[in-house]
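Undergrad: Take a look at this one; I'll ask things after.
Residue numbers (the numbering used here): -1 to 394.
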């Protein structure tokens, strides 16, 4: 016998990947320039110059055996020190190299973190809309994903609904800010209130309720007044899962880390559980070359100005055409209300105009669609007439 659940996951790709594959097939039929693919969060701006420069330097400077050899299971010590020092310069949270674990991107960070803290039957709470794979990650750790609706206007957490979601089985709250798919950013007021709520229920239940922050989009905020609070400075029992996929435009290289808050209860044991979970899942020794690379580019980011331009162009035009949109403060997604109740039907109709979106149902928000605007500004300009025609069809 084989694992039936694994088989089901293998046979049914995520809705994002399904549309992405459709886009490739459709592009082969009519030409890529004629397909307006807004399905996947694949960075469209090049990595900063330092990335290619430092890759060359590393290859030329390091002996091949060392460069392509194993690092420590949790990551190279000098890399972890460089990242810890950088985190402390930015956030002054007392991070140490021995509380960092290098990972194969954010997915591995989340999978390891959940495996480290969850027991069979535990519950992990998250807010809709949420990244589609959270359910897969939680269930892989033996937990159940409990989804709490956000405020339908601001897409900030609804704390009244959150209070009702807590049970004695609640093990963690999983947040994603800037958010995929809404682009919402949780401000300081939200994080302070969330920390107070978690402390209250940790004391009530007599066990720690962790805060896990999924932060691949931390660097992608567009306005100076938008600040993404660092959760470790507000709640002790927190874990940050980070990826360089978006900040450095390196999605295909799969490199990131887990950072455990130095003030967490039984912090040494918690970090040991992270290491043990990484071991049990086979996520040891993240790609060595890219560990060394991110250490050398630790304070650099890709040029996000293009994303801001795309956001402003798309938001302005779609609002004028009659779409209801949530203004994103970060990430590179626009969350748009479908022009009919069934978001899947709306996305199918959009295909008539070669527009490809992702229905919001798998993000926990029926009746909405995600538009990934990490594409070229030229593509957005060429797609606008199609958006307008789609809106006109619904008005008729």
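Here a beta-carbon is modelled for each residue, glycine too, at the ideal position from N, C-alpha and C.
Does the structure place the region 92 to 112 close enough to the region 310 to 319 that three or more beta carbon pairs sit under 8 Å?
TA: The answer is no - the region 92 to 112 does not touch the region 310 to 319, with fewer than three Cβ pairs under 8 Å.
Undergrad: Nearest-angstrom Cα distance between residue 85 and residue 264?
TA: For this step, residue 85 is matched to residue 87 along the chain shown. For this step, residue 264 is matched to residue 266 along the chain shown. Each residue's alpha carbon lies about 21 Å from the other.
Undergrad: For the region 9 to 18 against the region 125 to 136, are there 3 or more C-beta pairs whose distance is under 8 Å?
TA: Yes, since at least three Cβ pairs between the region 9 to 18 and the region 125 to 136 fall closer than 8 Å, the two stretches touch.
Undergrad: May I ask whether a heavy atom of the ligand SAM can be found less than 7 Å away from the beta carbon of residue 6?
TA: This structure simply doesn't include the ligand SAM, nor any ligand for that matter.
Undergrad: Between -1, 27, 393 and 325, which has its C-alpha nearest residue 178's C-alpha?
TA: Start at 1 with the first residue of the chain shown, and residue 178 comes out as number 180. For the residues -1, 27, 393 and 325, the minimum Cα distance to residue 178 belongs to 325.
Undergrad: Looking at residue 8: is its Cβ nearer than 8 Å to the Cβ of residue 370?
TA: In the chain shown, residue 8 corresponds to position 10, counting from 1. In the chain shown, residue 370 corresponds to position 372, counting from 1. It is not a contact, given that the beta carbons lie outside the stated cut-off.
Undergrad: Thinking C-alpha only, which one of 119, 241, 88 and 257 is nearest residue 227?
TA: Reading the chain shown from its first residue, position 229 is the one you call residue 227. Of the listed residues, the one whose Cα sits closest to residue 227 is 88.
Undergrad: In angstroms, rounded to a whole number, what distance separates the CA positions of residue 66 and residue 244?
TA: If you number the chain shown from 1, residue 66 lands on position 68. If you number the chain shown from 1, residue 244 lands on position 246. Rounded to whole angstroms, residue 66 to residue 244 spans 25 Å at the Cα level.
Undergrad: Report the rounded CA-to-CA distance for residue 122 versus residue 190, giving the unit in angstroms.
TA: Locating residue 122 in the chain shown gives position 124, counting from the first residue. Locating residue 190 in the chain shown gives position 192, counting from the first residue. Their backbone Cα atoms lie some 20 Å apart in a straight line.
Undergrad: Measuring CB to CB, does residue 237 end up less than 8 Å from residue 215?
TA: Position 239 of the chain shown, counted from the start, is the residue given in the question as residue 237. Position 217 of the chain shown, counted from the start, is the residue given in the question as residue 215. Cβ distance not < 8 Å, so residue 237 and residue 215 don't count as in contact.
Undergrad: What does the alpha-carbon distance come out to for the pair residue 404 and residue 154?
TA: There is simply no residue 404 to check, as the chain begins at -1 and stops at 394 in what is shown.
Undergrad: Answer with yes or no whether the minimum CB distance from residue 343 to chain B is below 8 Å.
TA: Here chain B cannot be found, since the structure has a single protein chain.
Undergrad: Whole angstroms is fine: what's the gap from residue 204's alpha carbon to residue 331's?
TA: Here residue 204 refers to the residue found at position 206 of the chain shown. Here residue 331 refers to the residue found at position 333 of the chain shown. One C-alpha to the other measures close to 39 Å.
Undergrad: Where do the N-terminal and C-terminal ends of the beta strand (DSSP E) with residue 142 fall, by residue?
TA: Here residue 142 refers to the residue found at position 144 of the chain shown. First-last of the beta strand (DSSP E) with residue 142: 142 to 147.
Undergrad: To the nearest angstrom, how far is it from the Cα of residue 49 to the Cα of residue 305?
TA: Locating residue 49 in the chain shown gives position 51, counting from the first residue. Locating residue 305 in the chain shown gives position 307, counting from the first residue. If you take the alpha carbons of residue 49 and residue 305, they lie about 20 Å apart.
Undergrad: Can you tell me where the beta strand (DSSP E) holding residue 289 begins and where it ends?
TA: If you number the chain shown from 1, residue 289 lands on position 291. From DSSP, residue 289 is part of no beta strand (DSSP E) but of the alpha helix (DSSP H) over 286 to 294.
Undergrad: Starting from residue 174 and walking both ways along the beta strand (DSSP E), at which residues does that stretch end?
TA: Locating residue 174 in the chain shown gives position 176, counting from the first residue. First-last of the beta strand (DSSP E) with residue 174: 168 to 174.
Undergrad: What's the C-alpha gap between residue 41 and residue 354?
TA: On the chain shown, position 43 is the one that residue 41 refers to. On the chain shown, position 356 is the one that residue 354 refers to. Looking at the two C-alpha atoms, the distance is approximately 17 Å.
Undergrad: Are the CB atoms of residue 109 and residue 279 nearer to each other than 8 Å?
TA: Stepping through the chain shown from its first residue, residue 109 is reached at position 111. Stepping through the chain shown from its first residue, residue 279 is reached at position 281. Yes, the Cβ-Cβ distance between residue 109 and residue 279 is below 8 Å.
Undergrad: Which residue from 249, 284 and 231 puts its Cα closest to that of residue 256?
TA: To locate residue 256, count along the chain shown from 1; it is residue 258. It is 284.
Undergrad: Excluding the 5 residues preceding and the 5 following residue 168 in the sequence, name in chain order all residues of the same chain whose CB lies nearer than 7 Å to its CB.
TA: Stepping through the chain shown from its first residue, residue 168 is reached at position 170. So the qualifying residues of the chain are 121, 123, 199 and 207.
Undergrad: Round the Cβ separation of residue 170 and residue 146 to the nearest angstrom and send it over; I've been treating them as touching at under 8 Å.
TA: For the purposes of this step, residue 170 is identified with residue 172 of the chain shown, where counting begins at 1. For the purposes of this step, residue 146 is identified with residue 148 of the chain shown, where counting begins at 1. Rounded, the Cβ-Cβ distance is 13 Å, inconsistent with contact.
Undergrad: Does the separation of the CB atoms of residue 356 and residue 347 fall below 8 Å?
TA: Working through the chain shown from its first residue, we reach residue 356 at position 358. Working through the chain shown from its first residue, we reach residue 347 at position 349. Contact flag unset, no.
Undergrad: Quick one: grab the DSSP three-state call for residue 195.
TA: Along the chain shown, one-based indexing puts residue 195 at 197. Helix at residue 195.
Undergrad: Would DSSP call residue 110 helix, strand or coil?
TA: Walking along the chain shown from the start, residue 110 turns up at place 112. Helix.
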